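Have a look at the structure below, then the notes.
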Amino acid sequence: MAKAFSIPAAEFSKSCTDLRQAPKPALPEVAFIGRSNVGKSSLINSLLNRKGLALASATPGKTRLLNYFKIGESICYFVDLPGYGFAKVSKSLQEEWSGFLEDYLADSARLKLAVLIVDSRRGLTDLDMQMIQALQIYRRAFVVAVTKIDKLNRQEREKSLTGIRGPALSLGASHVILYSSVTHEGRDALWDVIAEAVQ
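If you're matching positions, the sequence shown starts at 2 in the working numbering and goes up one per residue.
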């Protein structure tokens, strides 16, 4: 991205329990999806250079909300979706929760890009693969952001990227981006993809 790029202003818009409550005006949406505790809120805050704008749930796995953040005057909304796969909730609640995510992927007319967030130390889990399958079924454009890379040495980074990039690209991801919410590595690359998707 050009060096003149500046991160747009952002503000929390609203939380919704379904798409009928989505904020106005209608703008393109970029959805952030990932397992519980994968660093989703930290990535959103890093992208926007705003500490504490997106907050991690105090009770992961129990909050079923779409959290909307308005980006710029009329660029797009970032939509923070509930994390999936939290072990301490019942199987029936996990299934209900998965259905909620799929409903959003199936029905959102505004969704232009999904950012699937994967922990570099865990790689693509079975639940991540299920989410990729849902993205394929609903023909959603998506990119994979591999987080927490600052916790890996160079050899570990290469191993992690090799294990994630091949499968992700073969299954339809347009890009696989290494990301650190601590150092902001990968921020410009992810903004490039987002800007292209919502223009």
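All C-beta atoms, glycine included, are put in the ideal place defined by N, C-alpha and C. Since the model is a prediction, treat every value here as computed from it, not as a measurement.
Query                                                                                                                                                                   : Result
Jot down the residue ranges of each uninterrupted beta strand (DSSP E) in the stretch 151-199, minimum 3 residues, whole runs only, in chain order.                     : 177-179
With a CB to CB cut of under 7 angstroms and the five nearest residues on each side skipped, what residues in its chain are close to ALA135?                            : GLU103, LEU106
Look up LYS71 in the DSSP assignment and say whether it is helix, strand or coil.                                                                                       : strand
Give the DSSP-derived three-state secondary structure of VAL90 in the structure shown.                                                                                  : Residue confidence is low: VAL90 scores 49 on pLDDT, short of 50, so the model does not pin down where it sits. Its coordinate-derived value is still stated next. Looking at VAL90 - three-state DSSP - the assignment turns out to be coil, as it is neither helix nor strand.
Could you have a look at ALA3 and say whether DSSP puts it in helix, strand or coil?                                                                                    : Caution is warranted here: a pLDDT of 41 is assigned to ALA3, below 50, making its placement in the model unreliable, and no coordinate value can be reported.
On the DSSP bridge list, what partners appear for TYR85?                                                                                                                : ARG36
Short of 6 angstroms in beta carbon distance, which residues of its chain neighbour ILE195, apart from the five on each side in sequence? Order them along the chain.   : VAL31
Per DSSP, what kind of secondary structure is TYR105 in: helix, strand or coil?                                                                                         : helix
Give me the Cβ distance between VAL119 and VAL80, rounded to the nearest whole Å; I'm assuming they're in contact under 8 angstroms.                                    : The Cβ separation is near 18 angstroms, so there is no contact.
Looking at the secondary structure, which residues open and close the beta strand (DSSP E) in which ASP120 lies?                                                        : 112-120
Excluding the 5 residues flanking ALA55 on each side, which residues of the same chain have their C-beta closer than 6 angstroms to its C-beta?                         : SER42, ILE45, ASN46, ASP81
Taking contact to mean 3 or more Cβ pairs, one atom from each stretch, closer than 8 angstroms, check whether the stretch 18-36 and the stretch 162-170 are in contact. : no
Got a sec: does the ligand PLP put a non-hydrogen atom nearer than 7 angstroms to the Cβ of THR184?                                                                     : The ligand PLP is absent from the structure shown, which contains no ligands of any kind.
Leaving out the 5 sequence neighbours to the left and right, which residues in its chain are closer than 7 angstroms to LEU170 when beta-carbon positions are compared? : VAL177
Do three or more CB pairs link the stretch 112-127 to the stretch 63-74 at distances below 8 angstroms?                                                                 : no
Does the distance from the C-beta atom of ASN24 to that of GLY73 stay below 8 angstroms?                                                                                : Contrary to the premise, residue 24 reads as Pro rather than Asn in this sequence. No. Outside cutoff.
Does DSSP put LYS15 in a helix, in a strand, or in coil?                                                                                                                : strand
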